[in-house]
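> Below is a structure I'd like to ask you about.
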Amino acid sequence: MSHTFVRPLGTNHESFLRNDPIEDDYIYIVNHKTNTPSNRTYDIKGAHAEESHPPTSYHQPLPDASLAYRHQIPTTTQNICYNTPMATLTEKQQQAVESTAKTTLVIAGPGTGKTHILASRVQFLVEQQNTNPENILCLTYTEAGATTMKKRIISFLGQKGRNVTTNTFHSFASSLLEEYPDVFGYSRTLRPLNDIDQALIIKKIIDSNYKKGALRSLTSSTDVYFYRQEITKNINTLKSEGVLPDQYKTVVDEWEKQFNAIPDEEKLSTRGTRAGKLKTEYEKVAERIKKNKEFALLYQEYENELKKKNVYDYDDMINRAVQGLQTSEQTKAEIQRHYTTVLVDEYQDTNGSQNKLLFTLLDHPDYHCFVVGDDDQAIQRFQGATIENFTDFLETFPETIVISLEDNFRSPQYILDSALHLIADNEQRITTKLNVPQKLLTARGGTARRKSYTIQQCETDIAERAFIVEQIIALQKKGVPYNEIAVITRTNNEQEGIANVLYAYDIPYIMSGNQNALAHPVVLLFVQIIKACHNPQQNSAHLATLLRHPATPVSADDAMTIFSRHRSEKTNLYQTMRNAIRATNLLEDKKSVQETLSIIRTLYQQQDTESALAWFYSVLRDTGLLQWIGSQENKITFLENIGTLCDEIKRVQVGNPQFTIEDALSHIRSFYDLGIRLRPRPKNLSLENAVNILTAHQSKGKEFDYVFVTNVVQGVWSKDRKRGNKLALHPSIVRMETDKEDERRLLYVALTRAKKGLTVSYAQTHIDGYEKPQEKISSEFLDSLTEKVPETTYKPKQLDRFIEKTDFVPPTAEHTKKTKDIIQGITQSLSFALSATSMNTFLECPQRFLYENILRVPREGDAKIPLTYGSAIHYTLQRYFEVPKKNRDKTFLINTFTEHVQRNSPLTEAENNEIIERAQQKLAIYHTTRLKDEHEPLYVEQNYSAGTITYDTIRLAGKIDKISPLNDSAGEVKVVDYKTNRRKKSLNEILGKTKATQGYAPLYDQLMFYKLLLSLDSSFPYQPTQFALDFVDVSEEVNVPIEEADYETFKKTLRDIWKSIQSLSFLESTDQFPFCKECEWCEHSVV
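Have a look at this one:
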């Protein structure tokens, strides 16, 4: 079976398809290649029967003579009584779950229980069809979807469910590459490419060719990078479709050949001044071909550059997997034998390359495939997803059974009716392109009254926000929790206005938008301060920003004095500060100015000895900016965005010891120059009671009691333009389609998130952020909705008061109610758990625990030697026990350590060399004295992720370095934790029994923590009776006996800590914690 993904010119899917309407009580097997119904049916075991009419038990008279015949879904004939979640299936769901066809396509609209269907299908296969769980592969679009599916399968099947492989397409492809590196050409040193890396590579190629006079059709006379965004988009499109550079070059060459074959008498004009020249329409095609020929060359250069840099694009993983499977029949057959059954979720979101991987997996006679999706929710077209996946699937597997689910368990009927009325206007639907019945959705549980669905017209955008806040407050007073309320916007840019309003009214919220950290004011400020300290004598403007900011000790009056003096001096501001200090009676607080100048001078000098990341942390701390942030009401948002910038610098610096501060500033500047967004790192916030602000794309897969869909105006939720591209690819790759249908799908998705109440709103005039009022008209989509729902006009009762309140800037406070709510939202979320390290941090300093373990602000320690050295040692010893025994020698240890440091270290080259030299000495001795004759461990890096282990409601997490068997005791094991201290600690030090430790025993607590973890793990089959600390640098191990009384005290301490965290009492004072050490997070240094 072969599959072509670059379609020839003139190919039209519709020429292969039937469009007859069919009743939805039946399943039709249609041969989509011949446009005729198939006579082939399936027996109850799924095998093909003889070519004949279906048996009478599956056949009924036709109401429409235009249809040849139809038959009901063949299912098992036994009546099965399920004592499991399968018993809750509806008739249609059960028909899908028990389908015996080799390929089944389930059209699952919003709220029809697709995850339940998929998990039930797996349960049916395992329990009723005796399918080995290890032979089942479940693929989905997102990591969150894969996790949800896995949890549901486990809840249905118990431990058997853990043996079912559940992955995203990308993670599955990645696992293939790692398992068969020789086949797929995979190397552990490969690095993923992000947006800025890709933009810089493309910029470099454009620059190089422009200097040589090449690829000039991909530039303009005024802007060398005029086509850069289109180039990026086209590369991503081709990769998402699985089209490689050489393949696309072949397509373009054939395109040119076909064009040249057109007779001149057809192409050339015979009229007027254009006589003998190409006709306008052919001239446009010729220019398009010329641009694509140059683009194909650039695409190949781009791929060559990726290989040079040893990096890969996001979709390269899938394309490499497909290439490898098609090249190695042996590997392909092995994987196909392993995964005989494939289930796919969110099929409408898959792109061409993912489809290609799926079809390759199914390219054998013994496949079984179960696909679930909804073309009306295909909203990922910008990533290559298309509803043509459905037509491709049915063309490739023409005897697929198609089942359309109708029962909706989420929304009231009037919301469903309105949504269906909206989406019915789309032409690109499976019901119009394929021979399947019209979709229906029937509410199975909605009880909300009709007045819970309104379309609201507001006079202004400010009034619209006032209305939303008013409604949210009213819902909250009625007992509706905030987390059951969502405000859905079309774009990320609209979210900030909603968030500001909720903030002003002290309403907790979570904003899920794709923001730009580099555009955040505190990041802009931080970058200016960095520039000021990087070169203070040439960055007077940035130095002025630093002086004006309240983070510095310089008073406003002294700053103004310095600025005033600078105006009259022909020198830089740095020199003016020095002159002002020397002057007599000029400054009110000369000491503060001197202190600030000294900090700047010291930071300037530290650039020669610190890595870029470490120096950024020094600037953040030493200038007082970090302490100032800690005193602000919005500290969490500020730290999140600062942390995103530091994460990016760390990402680029890792494995690049020559990376300088100048390089870091240049890297930051590239984001602004190329218009690339730096997306904030994934939030750790998971407030259990907060309003959700999210885009329609982000709302997919979620549901809320009450939903507000905002700013539904023309040009935002509906666009008239066609999808244009100044560098359009060959028509077989991307077809010109209107945005309108995609926009309609987005609104359809947004509407169907509501379980009880839905409000759609828009404003007639936009005034916020505009110099002049902007008149708006409602989206044309509302015409479809208002046929089902009446429109009302909202006039705010106290708009002046609303404006005054939302313009109010609250005073700063250390821990306001809002901050406490956010902190509690994190600590009460399922993703928050205590580890041994975080527990000890809490005992040392609760404020440090707050910032490092709850808020997770960037830390200078990330770029320091001890952490890097320790991480590399742990990784090296883990790899040592993972390879065959014959490979375990000193050379392997040292080489593994060295490679890991060179690939992942954020340190300078000198610091890398220092720790590599240290490891060469220490690991050689450690191998001879400790590893050479050691018994094979039972577990290495035994990991307990957050929340998998619970003790008295306390969520625990941790990673145990090594668990080894004891020689003389069957079933008893020793738990070992590696330490990379330069000296061994004595047993009394570990137990806290020395004068210096005074009862402080973090290492002892850590071992007791591990004992508790293992005792709570019901799947752990051994008895841990010994605990030890292995000091790698000195090649000595210390056995630590755990006394039962100490263990009980430890558990009580753990309960007290958790209680203090959950009640937030630890925020009040640090005096009650005897091991608190003074640090930058303590209250007295933050405020």
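Note that the sequence shown covers residues 1 to 1087 in the UniProt record's numbering. Every residue gets a Cβ at the ideal spot worked out from N, C-alpha and C, and that includes glycine.
At which residue ranges does the region 209 to 275 contain complete alpha helix (DSSP H) runs of 4 or more residues, listed in the order of the chain?
Taking only runs of at least 4 residues, the alpha helix (DSSP H) segments lying wholly in the region 209 to 275 are 228 to 240, 245 to 260, 264 to 267.
> Out of curiosity, what's the CA-to-CA distance linking Lys-756 and Ile-599?
As a working mapping, residue 756 is identified with position 756 in the sequence shown. As a working mapping, residue 599 is identified with position 599 in the sequence shown. Their backbone Cα atoms lie some 58 angstroms apart in a straight line.
> What is the residue span of the alpha helix (DSSP H) that Lys-293 lies within?
Position 293 of the sequence shown, counting from 1, holds the residue named residue 293. Where Lys-293 is concerned, the enclosing alpha helix (DSSP H) stretches over 280 to 309.
> Taking C-beta to C-beta, are Val-883 and Phe-892 nearer than 9 angstroms?
Taking the first residue of the sequence shown as position 1, residue 883 is located at position 883. Taking the first residue of the sequence shown as position 1, residue 892 is located at position 892. The answer is yes: Cβ separation under 9 angstroms.
> Which residue from Arg-601, Ile-485, Thr-596 puts its Cα closest to that of Leu-502?
Here residue 502 is taken as the residue at index 502 of the sequence shown, counted from 1. The option with the nearest alpha carbon to Leu-502 is Ile-485.
> Check the Cβ-Cβ distances between Glu-301 and every residue of chain E, and say whether any is below 9 angstroms.
As a matter of chain content, chain E is missing from the structure shown, which is built from one protein chain.
> Checking the sheet assignment: what are the DSSP bridge partners for His-368?
Residue mapping note: residue 368 aligns to position 368 of the sequence shown, counting from 1. According to DSSP, which records beta bridges pairwise, His-368 is partnered with Thr-341.
> Starting from Gly-992, follow the alpha helix (DSSP H) in both directions and report where the run begins and ends.
Taking the sequence shown and counting its residues from 1, one reaches residue 992 at position 992. Gly-992 -> no alpha helix (DSSP H), and no H or E assigned at all.
> When the Cα atoms are used, what is the spatial distance from Ala-580 to Trp-628?
In the sequence shown, residue 580 corresponds to position 580, counting from 1. In the sequence shown, residue 628 corresponds to position 628, counting from 1. So the alpha carbons of these two residues sit roughly 25 angstroms apart.
> Straight-line CA distance for Lys-591 to Leu-597?
Translated into positions along the sequence shown, residue 591 becomes position 591. Translated into positions along the sequence shown, residue 597 becomes position 597. Rounded to the nearest angstrom, the two C-alpha atoms are 10 angstroms apart.
> Please go through the same chain and pick out, in chain order, the residues whose beta-carbon is closer than 8 angstroms to the beta-carbon of residue 1089, but skip the five residues on each side of it.
Residue 1089 lies beyond the stretch modelled for the chain, which goes from 1 to 1087, so this question has no answer here.
> Taking only three categories from DSSP, how would you classify Pro-398?
For the purposes of this step, residue 398 is taken as residue 398 along the sequence shown, with counting starting at 1. Correct three-state label for Pro-398: coil.
> Does DSSP put Lys-974 in a helix, a strand or coil?
In the sequence shown, counting from the first residue as 1, residue 974 sits at position 974. The answer is strand: DSSP assigns Lys-974 an E or B state.
> DSSP three-state label for Ala-424, please.
Locating residue 424 in the sequence shown gives position 424, where the first residue counts as 1. Note: Ala-424 maps to coil in three-state DSSP.
> Here's a check: name, in chain order, each residue in its chain whose Cβ is nearer than 6 angstroms to the Cβ of Glu-256, leaving out the five neighbours to either side.
Here residue 256 refers to the residue found at position 256 when the sequence shown is read from its first residue. Counting only Cβ-Cβ distances below 6 angstroms, and skipping sequence neighbours, we find Ile-289.
> Is Thr-90 near the ligand COA, with its Cβ less than 8 angstroms from a heavy atom?
By its list of ligands, the structure shown contains no ligand whatsoever, and the ligand COA lies outside what it can speak to.
> Under a Cβ-count criterion, where at least 16 other Cβ atoms within 10 Å of its own Cβ denotes burial, should Glu-231 be classed as buried or exposed?
Position 231 of the sequence shown, counting from 1, holds the residue named residue 231. With the sequence shown as reference, residue 231 is identified as Ile, and Glu is not the correct amino acid for it. That one is buried.
> Check each candidate in Leu-674, His-534, Pro-181, Val-654 and name the one with the smallest Cα separation from Glu-899.
Numbered from its first residue, the sequence shown carries residue 899 at position 899. Closest by alpha carbon: Val-654.
> Could you name the residues that DSSP lists as bridge partners for Phe-1066?
For this step, residue 1066 is matched to residue 1066 along the sequence shown. Answer by DSSP bridge pairing: none, since Phe-1066 is not bridged.
> With which residues is Phe-1031 paired in a DSSP beta bridge?
Residue numbering aside, residue 1031 sits at position 1031 when the sequence shown is read from its first letter. Lys-979, Glu-1036.
> Helix, strand or coil, according to DSSP, for Ser-52 in the structure here?
By 1-based counting over the sequence shown, the position of residue 52 is 52. Residue placement at Ser-52 is flagged as unreliable, the pLDDT there being 34, under the threshold of 50; a coordinate-derived value is accordingly withheld.
> For a quick check, are the C-beta atoms of Cys-138 and Lys-150 less than 9 angstroms apart?
Walking along the sequence shown from the start, residue 138 turns up at place 138. Walking along the sequence shown from the start, residue 150 turns up at place 150. Yes, the pair counts as a contact, with Cβ atoms nearer than the cut-off.
> So, is Lys-307 buried or exposed, given that buried needs 16 or more other C-beta atoms within 10 angstroms?
Counted from its first residue, the sequence shown places residue 307 at position 307. Lys-307 is exposed by the Cβ-count criterion.
> By DSSP's criteria, Ser-761 is part of a beta bridge. Which residues make up the other side?
The sequence position of residue 761 within the sequence shown is 761, counting from 1. Looking at the DSSP assignment, Ser-761 forms a beta bridge with Gln-456.
> Provide the residue span of the alpha helix (DSSP H) that contains Ala-1001, from first to last.
Position 1001 of the sequence shown, counted from the first residue, corresponds to residue 1001. From DSSP, Ala-1001 is part of no alpha helix (DSSP H); its letter is neither H nor E.
> Pick out the complete beta strand (DSSP E) segments inside the region 102 to 161, 3 residues or longer, and give them in chain order.
Segments of the beta strand (DSSP E) lying fully in the region 102 to 161: 103 to 107, 136 to 140.
> Taking the straight line between their C-alpha atoms, what separation do you get for Lys-700 and Gln-348?
Looking up residue 700 in the sequence shown gives position 700. Looking up residue 348 in the sequence shown gives position 348. Using only the alpha carbons, I get a separation of about 12 angstroms.
> Within 8 angstroms, do at least three Cβ pairs link the region 555 to 570 to the region 635 to 654?
With a cut-off of 8 angstroms, the region 555 to 570 and the region 635 to 654 do not count as touching, because too few Cβ pairs lie within range.
> Where do the ends of the alpha helix (DSSP H) carrying Gly-479 lie?
Residue mapping note: residue 479 aligns to position 479 of the sequence shown, counting from 1. Segment: none, Gly-479 is in no alpha helix (DSSP H) and carries neither H nor E.
> Between which two residues does the beta strand (DSSP E) carrying Ser-964 extend?
To locate residue 964, count along the sequence shown from 1; it is residue 964. Counting along the chain, the beta strand (DSSP E) containing Ser-964 begins and ends at 954 to 965.
> How should Ser-1085 be labelled, buried or exposed, when 16 other C-beta atoms within 10 angstroms of its C-beta is the threshold for buried?
Residue 1085 sits at position 1085 when you count from the first residue of the sequence shown. Low per-residue confidence applies at Ser-1085: pLDDT is 33, beneath 50, and the placement is therefore not dependable, though the value from the model is reported in the following sentence. Exposed, because fewer than 16 other Cβ atoms sit within 10 Å of the Cβ of Ser-1085.
> Assuming Tyr-482 and Val-691 make a contact with CB atoms under 8 angstroms, what is their CB distance in whole Å?
For the purposes of this step, residue 482 is taken as the residue at position 482 of the sequence shown. For the purposes of this step, residue 691 is taken as the residue at position 691 of the sequence shown. With 8 angstroms as the limit, Tyr-482 and Val-691 qualify as a contact, their Cβ atoms being about 5 angstroms apart.
> Based on the DSSP secondary-structure assignment, which residues constitute the bridge partners of Glu-791?
The count along the sequence shown starts at 1 and reaches residue 791 at position 791. DSSP output for Glu-791 lists Ile-455 as bridge partner(s).
> Is it the case that the region 419 to 436 contacts the region 113 to 125, given that we only count it when at least three CB pairs across the two stretches are under 8 angstroms?
These segments do not touch.
> To the nearest angstrom, how far is it from the Cα of Glu-91 to the Cα of Lys-293?
Position 91 of the sequence shown holds residue 91. Position 293 of the sequence shown holds residue 293. Each residue's Cα considered, the two are about 55 angstroms apart.
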